[in-house]
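Here the structure is laid out as C-alpha cells; the discussion comes afterwards.
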Amino acid sequence: MAYENNNQQERNNDSIFSKRLKAGKRRTYFFDVKTTRGNDYFLTITESKKRFNDNGYDRHKVFLYKEDFNKFLNALTETINYVKTELMPDFDFDAYNHDYVQEDQDDAEGADVAEAPVTVSVEAAAPTSHSADDVDKW
C-alpha cells in the first residue's frame, strides 16, 4: 500500500508517502517518507515483529537522511550481491519474485493486499562499486 498525504498542516513528522512490505507471518517492514519542520525529507525504515507471547509488536526503526541515500543504497546492493554471488550462488532467489509481482497486480485491481506476503528481490550481479552518478540514475 502506498499513499501520499498532501495536507501541509499534517506534515509535522507524519508520513507523506508510505510503503508496507509483509515478510512472512510475523514481520512487516514500513518505508515512510517524512518531512521536517524546515520542509526537508528523510526516510524511516521500520521493522515490526509480532510477539509470540502476547498480541503486541516489537518495532525497530532506522532513520535515513537524504545525504546518506546513495551510500546506503550502494552498501545494501553490494552486501546483497555478495550474499547472492559468493555465499549462495546456487540458491534461486527469483523463486520469491511471484509475491512481489502479485502485490502489484492486486494493487492495480484495487484489491486489499494487506495479507499477501511480499519479498523484494535485488537482481544478482557481480559485485561492483557504483558511483553516486550510477545510483542517481536508479
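At position 31 of the sequence shown (counting the first as 1) the number is 30 in numbering that gives the first Met the number 0, and the numbers step up by one without a gap.
Using N, Cα and C, we set each Cβ at its ideal position, and we do this for glycine too.
Quick one: grab the DSSP three-state call for residue i.
i    : result
T35  : coil
F41  : strand
D57  : strand
K83  : helix
K21  : strand
F29  : strand
F62  : strand
F68  : helix
F92  : helix
D103 : Residue placement at D103 cannot be trusted, given a pLDDT of 48 that sits under 50; the coordinates are not used to answer.
Please check the pair residue i and residue j, which I expect to be a contact at CB under 8 Å, by giving their CB distance rounded to whole angstroms.
i   : j   : result
S47 : F29 : 7 Å
Y60 : T43 : Reading off the sequence, residue 60 comes out as Lys, not Tyr. Contact flag correct, Cβ pair sits at about 6 Å.
F41 : L75 : About 17 Å; that fails the 8 Å criterion.
Determine the burial state of residue i: buried for a count of at least 16 other Cβ atoms within 10 Å of its Cβ, exposed for fewer.
i   : result
F27 : First, the residue type needs correcting, since residue 27 is Thr and not Phe in the sequence shown. The residue is buried, with at least 16 neighbouring Cβ atoms inside 10 Å.
K33 : buried
L20 : buried
D13 : exposed
By Cβ distance below 6 Å, which residues in the same chain neighbour residue i in space, the five residues on each side in sequence not counted?
i   : result
K70 : none
For residue i, which residues of its own chain have a beta-carbon under 8 Å away from its beta-carbon, when the five flanking residues on both sides are left out?
i   : result
F90 : K83
If I measure Cβ to Cβ from residue i and keep anything under 7 Å in the same chain, skipping five residues before and after, which residues do I get?
i    : result
D57  : K48, R50
E108 : Residue placement at E108 cannot be trusted, given a pLDDT of 46 that sits under 50; what the coordinates show is reported in the next sentence. Nothing listed; no residue qualifies.
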